[in-house]
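One structure is given below, encoded as structure tokens.
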Amino acid sequence: MRIVFDTGALFAIERRQKTALEVLRIAAAAGDELVAPASVVAEWWRAGRREKERERILRAFLFDTPTLQIAKLAGVAMGMVGASLGNALVMASASIQGDVVYTSNFYDFLRLNAVFPSVVVMRI
């Protein structure tokens, strides 16, 4: 299974939030793939004192970059439900393989779930 983390979920890992760390532990035990879309990394990444910790966190993840197909799907979703670009890209990417998305922005992602019903949205 592929588990996609949005920006808020990466912040939760960085802050060592119990729920986020438990998701990582369970995913590792199950052999799941952890995915961080490139757009999420761009929203989350900042240079500075936490840079080394963020590098360490990223070692656990695979990275998705938006394809033309994903960009089109995200654009359609933005038009349908008024979603932000970052959230729409996460859901469009996750919809290709029916991924599970962990987010701290649960209700915005539920709106997108109407466009991408194959994606399971979980609160972090």
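The sequence shown begins at 27 in our numbering and counts up by one.
Yeah, the Cβ is synthetic: ideal placement off N, Cα and C, and Gly gets one too.
Problem set entry | Chain-order list of residues whose beta-carbon lies under 6 Å from that of A114 (same chain, five-residue window excluded) | Excluding sequence neighbours, A114 sits near A100, A103 and M104.
For this session: Ignoring anything shorter than 3 residues or poking outside the stretch 40-91, list the beta strand (DSSP E) runs there in chain order.
Result: With a minimum length of 3 residues, the unbroken runs of beta strand (DSSP E) contained wholly in the stretch 40-91 fall at 59-63 and 88-90.
Exercise. Which residues in the same chain have their Cβ closer than 8 Å to the Cβ of E69, if we skip the five residues on either side of it in sequence?
Worked result: Taking C-beta separations shorter than 8 Å and ignoring five residues to either side along the sequence, the partners of E69 in its chain run T33 and G112, following chain order.
For this session: Under 8 Å by Cβ, that's how I've got I83 and E40 pegged, so tell me the actual separation to the nearest angstrom.
Result: The distance from the Cβ of I83 to that of E40 is about 6 Å, consistent with a contact at the 8 Å cut-off.
Exercise. Should M16 go down as buried or exposed, given a rule of 16 or more other Cβ atoms within 10 Å for buried?
Worked result: A query on residue 16 cannot be resolved here, the shown segment of the chain reaching from 27 to 150 and no further.
Exercise. Three-state secondary structure (DSSP) at V107?
Worked result: Assignment of V107 by DSSP, reduced to helix, strand and coil, places it in the helix class.
For this session: Would you list the one or two residues that DSSP bridges to I96?
Result: The partner list for I96 (beta bridge, DSSP) is empty, contrary to what the question assumes.
Exercise. Residue range of the alpha helix (DSSP H) that F135 falls in?
Worked result: For F135, the enclosing alpha helix (DSSP H) starts and ends at F132 to N139.
Problem set entry | Assigned exposure category for A38 - 16 Cβ within 10 Å defines buried | In the assembly as shown, A38 is a buried residue. Its beta-carbon has 16 or more other beta-carbons within 10 Å.
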